[in-house]
Structures are given as C-alpha cells and as structure tokens.
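Numbering (this note's numbering), first residue to last: 33 to 96. A virtual CB, placed ideally from N, CA and C, is assigned to each residue, including glycine. One structure is given here, and the rest of the page talks about it.
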C-alpha cells in the first residue's frame, strides 16, 4: 500500500491558502472563483476519483 503523506499535506496547504484568500477577498467574483477552487484538490487521486467526483458534485450542489 502506497502512502500519500506528501501529496495529502501539499493538497491541504493549497486548500488552506485558498480558503484564507477567499475570506480576505472584497471582490464578489473573485470570492466565487476562489471558493470553487477550494474543491479542486479533492480531485487529486486516481484510485478514488469516482468518490472525489461524487463529493465535488454534492459540495457544489449544497453551496449553490
């Protein structure tokens, strides 16, 4: 079984940076773009790609 520790930490840091940027934005369009880009790191993982797509669909459906 392969460990994804480095990739997980990298994706978490990217997501955290984007979330901080989202709440610092004053422009509504940029706020929307960054809030949607938080969900992109969930797609990094080939073996759980279907599960990640379902989560992305559910999260986007709940946000909008």
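Relative to the C-alpha of residue i, which residue among the options is closest?
i, options, result
"residue 43", "72, 58, 66 and 68", "72"
"residue 52", "36, 41 and 66", "66"
Please check the pair residue i and residue j, which I expect to be a contact at CB under 8 Å, by giving their CB distance rounded to whole angstroms.
i, j, result
"residue 70", "residue 47", "6 Å"
Report buried or exposed for residue i, applying the criterion of at least 16 other Cβ atoms within 10 angstroms of its Cβ.
i, result
"residue 33", "Residue placement at residue 33 is poorly supported in this model, since its pLDDT is 46, which falls under 50; the coordinates still yield a value, given next. Exposed is the call here."
Can you list the alpha helix (DSSP H) stretches of 4 or more residues lying completely in the region 40–71, in chain order?
-> 60–69
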